[in-house]
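Shown next, in structure tokens, is the structure this report addresses.
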Amino acid sequence: MFSTDDTIVAIATPPGRAGIGVVRVSGRDAAAIAGVLTGAEEPPRPRIATFATIATGVSDQVVITFFPAPHSYTGEHVVEISAHGSPVILGSLVEAAMAAGARLAEPGEFTLRAFLNGKLDLIQAEAVADLIEAVTPLQARAAFDQLEGTLTTKIHEIESALFDLMARLEASLDFPDEGYHFVQRKGAADEVDALRKRIAELLAHAARGRLIREGAQIAIVGTPNVGKSSLFNALLNANRAIVTPIPGTTRDLLTERADIGGVSVSLVDTAGLRDASDVIEQEGVARARQAGSVADLTLLVLDRSRPLDPEDERLLAARPARQRLVVVNKVDLPPAWSTDVAAAGALMVSVRTGHGVDALVDRMASMLGAGESLRDQPLVSNVRHADLLRQSDAALARAVEALTRSGHTISEEFILADLQDAARALQEVTGKRTTDDLLAHIFSRFCIGK
Ligand SMILES: Nc1nc2c(ncn2[C@@H]2O[C@H](COP(=O)(O)OP(=O)(O)O)[C@@H](O)[C@H]2O)c(=O)[nH]1
Ligand SMILES: [Mg+2]
Numbered sequence: 006m007f008s009t010d011d012t013i014v015a016i017a018t019p020p021g022r023a024g025i026g027v028v029r030v031s032g033r034d035a036a037a038i039a040g041v042l043t044g045a046e047e048p049p050r051p052r053i054a055t056f057a058t059i060a061t062g063v064s065d066q067v068v069i070t071f072f073p074a075p076h077s078y079t080g081e082h083v084v085e086i087s088a089h090g091s092p093v094i095l096g097s098l099v100e101a102a103m104a105a106g107a108r109l110a111e112p113g114e115f116t117l118r119a120f121l122n123g124k125l126d127l128i129q130a131e132a133v134a135d136l137i138e139a140v141t142p143l144q145a146r147a148a149f150d151q152l153e154g155t156l157t158t159k160i161h162e163i164e165s166a167l168f169d170l171m172a173r174l175e176a177s178l179d180f181p182d183e184g185y186h187f188v189q190r191k192g193a194a195d196e197v198d199a200l201r202k203r204i205a206e207l208l209a210h211a212a213r214g215r216l217i218r219e220g221a222q223i224a225i226v227g228t229p230n231v232g233k234s235s236l237f238n239a240l241l242n243a244n245r246a247i248v249t250p251i252p253g254t255t256r257d258l259l260t261e262r263a264d265i266g267g268v269s270v271s272l273v274d275t276a277g278l279r280d281a282s283d284v285i286e287q288e289g290v291a292r293a294r295q296a297g298s299v300a301d302l303t304l305l306v307l308d309r310s311r312p313l314d315p316e317d318e319r320l321l322a323a324r325p326a327r328q329r330l331v332v333v334n335k336v337d338l339p340p341a342w343s344t345d346v347a348a349a350g351a352l353m354v355s356v357r358t359g360h361g362v363d364a365l366v367d368r369m370a371s372m373l374g375a376g377e378s379l380r381d382q383p384l385v386s387n388v389r390h391a392d393l394l395r396q397s398d399a400a401l402a403r404a405v406e407a408l409t410r411s412g413h414t415i416s417e418e419f420i421l422a423d424l425q426d427a428a429r430a431l432q433e434v435t436g437k438r439t440t441d442d443l444l445a446h447i448f449s450r451f452c453i454g455k
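Numbering (this note's numbering), first residue to last: 6 to 455.
Structure, rendered in structure tokens:
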């Protein structure tokens, strides 16, 4: 079990030099430790930024803010010391706090304490990590939504409707001879169905949520010399891949991060797919096929200025694992084939002139679900949440099945057991029910000071 008896300290700002740096102290002795550091007799005044001079270790002029429990991030007494952002000063402050009785915080321990003290639920604690790690504004917005509790609220609503139904079912069990039933089977089945519908609405956009949270992988594939590396560079706005008229120039996978409509994308340029003769190129081709098979979106590039060869035809005919977009390149040159041949929805571009590239980016963004607004439904973006919602739904489905079975009726006890399973899964999402292992796993993602 995690202990919250002691007082913890850590640098809360990133490593390196900066205008200011913040050391955070949380726990019972936070104010007393601040007193030792500054030599002040009086405890710091609550929630008022107070100028002070550090009296132990390396001297500095600092601003101290004291947040008494429970009105703080962790729910405990918290002192934040804003010093000049020098690693020497911040390190010395941490050592002085430790000499005064604090312990160095573990990764994520401030947020863990906030969770254990009921300041945040598990969804919100995970959102803190997502928010810190966000690299696009869309990711940050999705994380902030969860931090605000939009998903939490929806799950609580479902959970409380479920508990209400369970209470009535239990009453029917406890008072079987009262001459009436608290719930009719048909009515109960309808209620459970309605709950399933609410879960389905949450899960409807889970795939998109996952792409936003975790980022997407986009692979650029095609035969040699169609312009894959040129397109890769154009999408990155950088000259990252080597482009030459010599087929087989790209032999390994090149991966770079890009922002496509707010989705953090890892863009992969691959070797041209063909029967390669030398081993290096063969390995490149194998890696290219592999990248194409796991990508969330595959861009299949064709060259319109030369006739399609059998390998192009084969790639066109292949069923991609996930989404695919056909990009017909080099439309600045005279066409060698009619573009009707390409799949419907193919986009015409010339990477050389830039024609069609913006439209391509827009199409990619909408295929990744980046365009739509985030506001109508909270987004389930975390795989852990989606899995538990699916488990909850499966238990509800069993309950409906039992409630509506004709012939011999299934006892309320079994139905209740299914509903309890469903409730348990919901409680695991928010962390009402949790294990130390799960908490350790979730909070180990954080860095120290968070
Ligand atoms: N005319 C024309 N040439 C292009 C276009 N895109 C790429 N190329 C040329 O096609 C050749 C192969 O390009 P590259 O990006 O290396 O193709 P890859 O082998 O598929 O990666 C290079 O000489 C490029 O300059 C385009 O839109 N129009
Ligand atoms: Mg290339």
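Even glycine gets a Cβ: it sits at the ideal position worked out from N, Cα and C. None of the values given here were measured: they were computed from a predicted structure.
Check, Outcome
"Secondary structure of A351, DSSP reduced to three states", "coil"
"Reduced DSSP secondary structure (H/G/I, E/B, other) of L313", "coil"
"For Q222, the first and last residue of its enclosing beta strand (DSSP E)", "A221 to G227"
"Between the CA atoms of S177 and G184 - distance to the nearest angstrom", "Because the pLDDT at G184 is just 49, under 50, the model does not fix this residue reliably, and the value given afterwards should be weighed accordingly. Rounded to the nearest angstrom, the two C-alpha atoms are 10 Å apart."
"M372 to Q328 span [Cα, whole Å]", "8 Å"
"Boundaries (first-last residue) of the alpha helix (DSSP H) holding L178", "T155 to D179"
"L338 CB to nearest heavy atom of ligand 1 below 8 Å", "yes"
"Where L272 sits in the DSSP three-state scheme", "strand"
"Spatial neighbours of H360 in its chain, beta-carbon cut-off 8 Å, leaving aside the 5 residues before and after", "V336, D337, M353 and V354"
"Residue of T255, L136, A119 and E219 minimising C-alpha distance to S31", "A119"
"DSSP bridge partner residues for T55 (one or two, in chain order)", "I69"
"Cβ-Cβ distance between T275 and R262 below 9 Å", "no"
"Presumed contact (8 Å Cβ cut-off) between V14 and A132, rounded CB distance", "About 25 Å; that fails the 8 Å criterion."
"Inter-residue spacing [alpha-carbon to alpha-carbon] between A74 and I86", "17 Å"
"Alpha-carbon spacing of W342 relative to Q129, whole angstroms", "54 Å"
"At least 3 beta-carbon pairs within less than 8 Å: the stretch 216-233 vs the stretch 135-153", "yes"
"Span of the beta strand (DSSP E), counted from its first residue to its last, around G24", "A23 to S31"
"Where the beta strand (DSSP E) through I16 begins and ends", "I13 to I16"
"Nonlocal neighbours in the same chain, by C-beta distance under 7 Å from T358, ignoring five residues either side", "D337"
"First through last residue of the beta strand (DSSP E) which encompasses R262", "L259 to I265"
"Close-in-space but distant-in-sequence residues of the same chain around A243 (CB under 8 Å, 5 per side omitted)", "E261"
"G253 - DSSP class collapsed to helix/strand/coil", "coil"
"Sequence-distant residues of the same chain with beta carbon closer than 8 Å to G454, five excluded per side", "A15, I16, A17, T18, R29, A110 and F115"
"G184 - DSSP class collapsed to helix/strand/coil", "Here G184 scores only 49 on pLDDT, less than 50, and its place in the model should not be relied on; the value that follows carries that caveat. Of the three classes helix, strand and coil, the one that applies to G184 here is coil, per DSSP."
"Own chain residues within Cβ distance below 8 Å of M103, not counting five before or after", "V14 and L109"
"Distance, L401 Cα to F419 Cα", "12 Å"
"Span separating the alpha-carbon of Q5 from that of R50", "The chain is shown only over 6 to 455; residue 5 falls outside these bounds and no answer can be derived."
"Among T43, I204 and D126, nearest to A57 - alpha-carbon criterion", "T43"
"Distance between beta carbons of G253 and A224, contact taken as under 8 Å", "Contact doesn't hold; Cβ gap of about 18 Å is too wide."
"Other residues of its chain near Q287: CB distance less than 8 Å, five sequence neighbours each side excluded", "A281"
"Integer-rounded CB distance, given that G154 should sit under 8 Å from G227", "G227 to G154, Cβ: 46 Å. No contact."
"Endpoints, alpha helix (DSSP H) assigned at H446", "D441 to F448"
"Coarse secondary structure for R357, derived from DSSP in three states", "coil"
"Assigned secondary structure, A300 (DSSP; H/G/I helix, E/B strand, else coil)", "coil"
"Cβ-heavy atom distance, T255 to ligand 2, below 8 Å", "yes"
"Contained beta strand (DSSP E) runs [length at least 3] in the stretch 393-432, N- to C-terminal order", "none"
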